[in-house]
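Notes for the one structure printed next.
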Amino acid sequence: MQDQSRPATGYPYPYPYPNQPVTSTNGYPPPNTTGGAAPYPYQNHNPYNAPQPNPRAILLRRLFIIFMAFLLILGLILFIFFLIVRPQLPDVYLNSLSVSNFNASNNKVSGNWEFQVQFRNPNSKMSLYYDSVLCGLYYNRESLSETRLQPFDQGKKDQMVVNGTLSVSGTYVDSRLVDSIGKERSDKASVEFDLRMFSSVTFRYGAFRRRRYVTVYCNDVAVGVPVSSGSGKMGGSVKRCKSL
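Here my numbering is used: the first residue of the sequence shown is 8, the next is one more, and so on.
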């Protein structure tokens, strides 16, 4: 007698196997009739329906690349130019500094200073033009007098001597400044002054122009001025100043 709980041999199983996708008679999944997501997502391979790049973004990207390339080329040209030309600051020497009618008392300072400065252009390929040369006389960083020199040109490897005068007539200063000057005169028979020059210098090489401000420091210049005399001059030889 045949067991009723077992299916008859030769007939298909009445239910599909679990976890096995149901296929249609032609071997493809049946169409989705429930309105939900399809078992296999649809992929659009049409290139005309793909998202197109923004033309504005492409233009900005190209302009940025061109601008960066321009800066790189310009920087390379300037680097080669300065490597060949190598602009150098002028060399400045204080040849002499003298004072007459010098007096420091009662919180006042008076005197007439005369100086001679030598400018040397160390550049063999560039000429220099000095505009608005301002000279100042200082003592312990305190300004005593100022004067302006006439603008001048300087050729390649050229040297030029410039003379100037600084005058102080009863200028009021702090009492500590007068005491310091008096102590120096009594101890050393000299007074140390600072001469500084500020100028706008233009470096010229053909059509090339480069302008920069140059400051010249001639510090701690000892001028022999004993207490018994109101006149004196710079001691020692020519003093080289510092250009920045």
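The beta carbon of each residue, even a glycine, is placed where N, CA and C say it ideally should be.
Taking a cut-off of 8 Å on C-beta distances, the stretch 153–166 does not touch the stretch 73–89, as fewer than three cross pairs fall below it.
The stretch 129–142 makes no contact with the stretch 190–198; the number of CB pairs closer than 8 Å stays below 3. Judged by DSSP secondary structure, MET75 falls within the alpha helix (DSSP H) whose first and last residues are 62–92. Judged by beta-carbon spacing, VAL116 lies beyond the 9 Å limit of LEU173, meaning their Cβ atoms are not closer than that value.
PHE210 and SER187 have their C-alpha atoms roughly 41 Å apart. For SER182, the enclosing alpha helix (DSSP H) stretches over residues 182–195. The beta carbons of ARG203 and TYR224 sit about 6 Å from each other, so the pair counts as a contact at 8 Å. In the DSSP secondary-structure assignment, ALA111 is bridged to VAL116. One thing to note: TYR146 has its Cβ no nearer than 9 Å to the Cβ of ASP98.
Between the stretch 115–132 and the stretch 175–184, the count of C-beta pairs closer than 8 Å reaches three or more; the two stretches touch.
If the five residues before and after GLY231 are omitted, its C-beta is found closer than 7 Å to the C-beta atoms of ALA196, SER197, GLY239, LYS240, GLY242, all from its own chain and listed in chain order.
Buried is the label assigned to SER206, since at least 16 other Cβ atoms lie within 10 Å of its Cβ. When DSSP states are grouped into helix, strand and coil, ASN147 belongs to the coil group.
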